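Asks: All residue numbers for the sequence shown refer to our numbering, where the first residue is 23 and numbers rise by one.
C-beta: ideal position from N, C-alpha, C; glycine also.
Because the structure is a prediction, the values reported are computed rather than measured.
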Amino acid sequence: MKISKKIQTQAAKLRHTINEHNYFYYVVDDPRVSDGEYDLLFRELQDLEAKYPDLVTADSPSQRVGAIPLDAFAEVVHSVPMLSLNNAFNSQEVEDFAKDLANVEFFAELKFDGLAVSLRYEDGLLVSAATRGDGYTGEDVTANAKTIKVIPLRLRGGNYPAVLEVRGEVFMPKAYFDQLNQKQAARGEKIFANPRNAAAGSLRQLKSRVTAERPLSFFSYAVGVVEGVELPKRHSDVFELLQLWGLPVSLDSQLVTGVAGCLKYYEAILKRREDLAFDIDGVVYKVNDLALQKQLGFVSRAPRWAIAHKFPAQEAITEVNDIDIQVGRTGALTPVARLNPVQVAGVVVTNATLHNQDEMRRKDVRVGDTVVISRAGDVIPAVMRVIFEKRPQESQEFVFPKQCPVCGADVVRVAGEAVARCSGGLFCAAQAKQALKHFASRRAMDIDGLGDKLVEQLIDKGLVKKLVDLYNLTNEQLASLERMGKKSAQNIIAALEKSKSTTLARFIYAIGIREVGESTANTLAKHFGSIEALIATNKQELQNIQDIGPIVAEHIVTFFQQTENINNIEELQAIGINWSPQEANASTDNSLSEEVFVLTGSLSQMTREEAKAKLENLGAKVTNSVSKKTTCLVAGEKAGSKLTKAEALGIKIINESDLIKLYF
Ligand code: 9MJ
23 MKISKKIQTQ AAKLRHTINE HNYFYYVVDD PRVSDGEYDL LFRELQDLEA KYPDLVTADS
83 PSQRVGAIPL DAFAEVVHSV PMLSLNNAFN SQEVEDFAKD LANVEFFAEL KFDGLAVSLR
143 YEDGLLVSAA TRGDGYTGED VTANAKTIKV IPLRLRGGNY PAVLEVRGEV FMPKAYFDQL
203 NQKQAARGEK IFANPRNAAA GSLRQLKSRV TAERPLSFFS YAVGVVEGVE LPKRHSDVFE
263 LLQLWGLPVS LDSQLVTGVA GCLKYYEAIL KRREDLAFDI DGVVYKVNDL ALQKQLGFVS
323 RAPRWAIAHK FPAQEAITEV NDIDIQVGRT GALTPVARLN PVQVAGVVVT NATLHNQDEM
383 RRKDVRVGDT VVISRAGDVI PAVMRVIFEK RPQESQEFVF PKQCPVCGAD VVRVAGEAVA
443 RCSGGLFCAA QAKQALKHFA SRRAMDIDGL GDKLVEQLID KGLVKKLVDL YNLTNEQLAS
503 LERMGKKSAQ NIIAALEKSK STTLARFIYA IGIREVGEST ANTLAKHFGS IEALIATNKQ
563 ELQNIQDIGP IVAEHIVTFF QQTENINNIE ELQAIGINWS PQEANASTDN SLSEEVFVLT
623 GSLSQMTREE AKAKLENLGA KVTNSVSKKT TCLVAGEKAG SKLTKAEALG IKIINESDLI
683 KLYF
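1) Quick check: what's the CA-CA separation for alanine 452 versus lysine 487?
2) So if DSSP puts leucine 277 in a beta bridge, which residue, or which two residues, is it bridged to?
3) Measure the C-alpha to C-alpha separation of threonine 653 and glutamate 617 and round it to an integer number of angstroms.
4) Where does glutamine 114 fall in DSSP's three states?
5) Three Cβ pairs or more, each shorter than 8 Å: is that satisfied between the stretch 350-357 and the stretch 315-331?
6) Throw me the rounded Cβ distance for the valine 433 and cysteine 426 pair, which I believe falls under 8 Å.
7) Grouping DSSP H, G and I as helix and E and B as strand, with all else coil, what is tyrosine 493?
8) Could you give the residue range of the alpha helix (DSSP H) that holds proline 357?
9) Flag lysine 561 as yes when its Cβ comes closer than 7 Å to any non-hydrogen atom of ligand 1, and as no otherwise.
10) Is glutamate 131 a contact residue of ligand 1, with contact defined as CB to any heavy atom under 7 Å?
11) Give the range of the alpha helix (DSSP H) segment to which serine 521 is assigned.
12) For phenylalanine 214, collect the residues of the same chain with a Cβ closer than 8 Å to its Cβ; drop the 5 residues on either side in sequence, then sort them by chain order.
13) Measuring CB atoms only, is the stretch 134-149 touching the stretch 182-198, in the sense that at least three cross pairs come out at less than 8 Å?
14) Are three or more beta carbon pairs between the stretch 667-675 and the stretch 637-651 nearer than 8 Å?
15) Less than 8 Å separating the beta-carbons of leucine 132 and isoleucine 339?
16) Around the C-beta of asparagine 590, are 16 or more other C-beta atoms found within 10 angstroms, so that it is buried, or is it exposed?
17) How many Å lie between phenylalanine 529 and glutamate 439 at the Cα?
18) Would arginine 37 and leucine 67 be called neighbours here (beta carbons separated by less than 8 Å)?
19) Taking 8 Å as the limit between beta carbons, can you name the residues of its chain near alanine 151, skipping five residues before and five after?
20) Just to confirm my understanding: we take leucine 458, look at its own chain, exclude 5 residues before and 5 after, and list those with CB closer than 6 Å. What are they?
21) Just the Cα atoms here: how many angstroms apart are arginine 54 and valine 232?
22) How about alanine 244: is its Cβ closer than 7 Å to a heavy atom in ligand 1?
23) Determine the burial state of aspartate 400: buried for a count of at least 16 other Cβ atoms within 10 Å of its Cβ, exposed for fewer.
24) Just checking my contact of serine 602 with glycine 641 at CB under 8 Å: how many whole Å lie between their CB atoms?
25) Measuring alpha carbon to alpha carbon, tell me which of Leu186, Lys255 and Val116 ends up nearest valine 247.
26) Cβ of alanine 328 within 7 Å of any heavy atom in ligand 1?
27) Do you know how far the Cα of lysine 121 is from the Cα of arginine 443?
28) Within the 8 Å Cβ cut-off, does phenylalanine 134 reach chain B?
29) For arginine 360, I'd like the list of residues in its chain whose CB is within less than 8 Å of its CB, leaving aside the five on either flank, ordered along the chain.
30) Under the criterion of a Cβ to heavy atom distance below 7 Å, does valine 309 qualify as lining ligand 1?
31) Of the residues Glu659, Ser663 and Leu671, which one's Cα is nearest the Cα of leucine 678?
32) Give every residue of the same chain whose Cβ lies closer than 7 Å to the Cβ of glycine 250, excluding the five residues on either side of it in the sequence, and list them in chain order.
33) Since valine 579 is in the alpha helix (DSSP H), which residue starts that stretch and which ends it?
34) Quick one: does the C-beta of valine 306 sit closer than 7 Å to a heavy atom of ligand 1?
35) Do the CB positions of leucine 655 and isoleucine 673 come within less than 8 Å of each other?
36) With a floor of 3 residues, list each beta strand (DSSP E) that falls wholly inside the stretch 171-231, ordered by position along the chain.
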């Protein structure tokens with residue numbers, strides 16, 4: 023149907039007016055019209071669009087009600103990773119963070135307790151929204167994010183960047199949270215433990231109609247990709263721009279100077295915590311000067327220019343029903359109190375750690391005691407102290423075992439260490455299980471489907487005694503296990519096969535050297551370039567590497583002194599575990615510096631993260647979505663809309679084997 027100019031102008035005007043009212047209502051908190059007037063305008067637009075469906079634009083306020091249900095969330099690779107923040111739990115830790123930043127200006131912000139999300143605007147239009155996920159890859163929640171009224175579908179003003187990624191937090195205001203739970207209870211539906219869970223559950227909803235019914239909100243606090251506009255030099259000025267562009271920012275942020283300014287802000291916000299309309303779990307201090315931020319850079323996965331100062335842990339009182347000893351991956355014995363279930367900061371807690379033997383003795387925790395437990399943020403709940411007045415008369419001191427409760431081997435304690443350990447090594451089923459779980463985990467060998475329950479059965483049935491046994495498992499052996507069938511057995515075998523092609527860094531991380539996490543494993547892989555060179559190293563050489571101290575160096579050397587570990591590594595290599603030697607030293611090859619790649623669909627010989635890292639190592643830019651700037655699309659299995667778009671734009675398209683042949 024042909025739509026007259028007049029009608030088109032009328033619709034455009036209505037869209038604009040409604041979007042403006044949304045802005046004043048949701049962002050500025052200063053409505054310009056009554057609810058009744060707003061509803062009338064909205065109805066008028068809906069009626070027009072119903073009559074002329076071609077009038078509906080992506081940024082029409084009518085499009086917030088929720089699109090068709092999704093089957094599952096698609097993956098979104100963040101072109102600039104969404105990093106997490108380091109925490110400070112007391113003022114000393116804030117002092118440590120700022121020790122070289124005397125009199126520096128900080129932007130102090132509230133730390134919202136919700137779900138981190140990245141919004142991408144292209145030419146002012148909201149084109150995608152993704153959850154943080156693991157920081158590198160998140161879930162595509164665009165349809166759901168569009169139902170959140172404070173999130174503009176189109177940026178305001180004229181001079182916004184061609185591409186803008188805004189990072190912020192989706193959360194549920196406390197009042198709505200209570201209402202939602204009352205509604206859920208009345209309908210016999212799931213009760214959410216806290217506003218954060220409610221926000222996450224509502225945003226990560228396959229039916230965006232359900233999200234649309236949930237009163238979610240959003241605050242911006244950072245930017246990712248920005249193209250086409252030069253940002254100001256201060257973080258606080260970026261904030262002002264975001265607000266001008268129509269994005270909601272919290273007005274409780276403040277510029278402060280030095281640690282003293284930070285701590286004053288912290289105290290002031292802590293006093294107001296209960297009165298805020300939403301949950302916060304602390305405050306965040308960010309170096310305001312963006313050039314200084316850049317200079318400070320990152321440690322591992324968190325910026326050195328910001329820190330989250332967490333509020334004191336939230337506490338509760340309950341009884342200890344039992345005390346168990348858990349045996350960890352490196353044999354560490356951890357006493358754990360089994361509790362009468364109790365709510366702490368919105369979460370039901372049934373276990374709390376007692377840390378170690380000394381802590382137990384110091385606190386004198388006994389079965390039957392009434393204790394104060396604490397749960398700080400995502401940290402494992404811990405027993406803080408015993409309420410001695412409530413101790414039953416017949417209570418008995420807890421005796422720490424001298425033998426491992428799992429394998430019976432002697433418990434040993436190295437002088438100067440707080441931790442008691444089982445001396446059984448991988449002969450101890452508990453240690454073997456943890457080691458295997460770690461080996462198979464996503465950031466290690468990434469053996470899809472080899473979950474905790476399966477690992478436990480493999481060890482308990484004696485099918486796996488050492489790491490290499492995993493790769494000799496047969497279909498029949500796997501299919502005979504509980505909760506396994508023929509198909510899942512085949513999948514595990516395929517996943518094991520796939521895991522054989524890995525990276526040196528992952529392999530070093532996977533073999534489980536004490537205190538060698540992902541970041542140290544990366545450093546070691548880059549420095550040594552081969553497992554043989556790492557095995558042959560000594561303490562002195564290790565200590566000369568930045569970020570490796572004497573303790574980690576000692577653990578590494580001790581690990582490779584044990585023949586059992588060397589045998590494990592040799593057997594794993596013999597069975598086909600391999601990595602490309604190219605990864606060995608940081609590449610100086612910049613041959614792809616002019617290229618902009620997009621990876622889509624699933625790859626079979628490597629993960630997308632690995633492919634991205636390799637391309638970036640060769641100087642290429644790897645982005646998230648296809649645009650005119652994209653020079654090459656790598657289409658894996660089941661590539662979808664990105665492939666279609668690349669075809670439409672006439673962009674070079676290659677498959678995985680081309681990628682390997684041409685570039686790796
Ligand atoms: C929260 N959660 O409120 C950041 N955050 O900045 C604030 N998180 C952040 N900033 C950079 N206010 C990474 C994370």
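Replies: Inspection of the coordinates gives the following:
1) Put simply, the backbone Cα of alanine 452 is about 12 Å away from that of lysine 487.
2) BP columns for leucine 277 point to Phe129.
3) Approximately 6 Å, taken between the alpha carbons.
4) Note: glutamine 114 maps to helix in three-state DSSP.
5) Here the stretch 350-357 does not lie against the stretch 315-331, with fewer than 3 beta-carbon pairs under 8 Å apart.
6) Yes, valine 433 and cysteine 426 are in contact; Cβ-Cβ is about 6 Å, under 8 Å.
7) It is helical.
8) Per DSSP, proline 357 belongs to no alpha helix (DSSP H); it is in the beta strand (DSSP E), 355-366.
9) No, the beta carbon of lysine 561 sits no closer than 7 Å to any heavy atom of ligand 1.
10) The beta carbon of glutamate 131 sits closer than 7 Å to at least one heavy atom of ligand 1.
11) For serine 521, the enclosing alpha helix (DSSP H) covers residues 508-521.
12) Result list for phenylalanine 214: Phe199, Leu202, Asn203, Gln206, Ala220 and Gly223, in chain order.
13) At 8 Å Cβ cutoff, the stretches touch.
14) Yes: the two stretches touch, three or more of their Cβ pairs being nearer than 8 Å.
15) Cβ distance not < 8 Å, so leucine 132 and isoleucine 339 don't count as in contact.
16) The residue in question, asparagine 590, is buried, as its Cβ has 16 or more Cβ neighbours within 10 Å.
17) Rounded to whole angstroms, phenylalanine 529 to glutamate 439 spans 28 Å at the Cα level.
18) If you check the CB distance, arginine 37 and leucine 67 come in under 8 Å.
19) Cβ neighbours of alanine 151 within its own chain (closer than 8 Å, five residues either side excluded): Val139, Ser140, Leu141, Arg142, Asp162, Val163, Thr164, Asn166, Ala167, Lys168 and Ile173.
20) Excluding sequence neighbours, leucine 458 sits near Val477.
21) Looking at the two C-alpha atoms, the distance is approximately 28 Å.
22) At least one heavy atom of ligand 1 is found less than 7 Å from the C-beta of alanine 244.
23) Here the model assigns aspartate 400 a pLDDT of 44, short of 50, so the residue's position is not dependable, and the following value carries that caveat. The residue is exposed, with fewer than 16 neighbouring Cβ atoms inside 10 Å.
24) Contact flag wrong, Cβ pair sits at about 17 Å.
25) Shortest Cα-Cα distance from valine 247 to any of Leu186, Lys255 and Val116 involves Leu186.
26) Correct: alanine 328 has its Cβ closer than 7 Å to ligand 1.
27) One C-alpha to the other measures close to 36 Å.
28) Protein chain content of the structure displayed is limited to a single chain, and chain B is not contained in it.
29) Correct list, in chain order: Val342, Asn343, Asp344, Ile345, Asp346, Thr372 and Asn373.
30) Exclusion of valine 309 from the 7 Å shell around ligand 1 follows from its C-beta lying no nearer than that to any non-hydrogen atom of the ligand.
31) Leucine is not the amino acid found at residue 678; the sequence shown has glutamate there. For the residues Glu659, Ser663 and Leu671, the minimum Cα distance to glutamate 678 belongs to Glu659.
32) Result list for glycine 250: Pro183, Ala184 and Val185, in chain order.
33) Unbroken alpha helix (DSSP H) run through valine 579: 572-583.
34) For ligand 1, at least one heavy atom lies less than 7 Å from the Cβ of valine 306.
35) The beta carbons of leucine 655 and isoleucine 673 sit closer together than 8 Å.
36) When DSSP assignments are scanned along the stretch 171-231, the uninterrupted stretches of beta strand (DSSP E) that are 3 or more residues long and fall wholly within it turn out to be 185-193.
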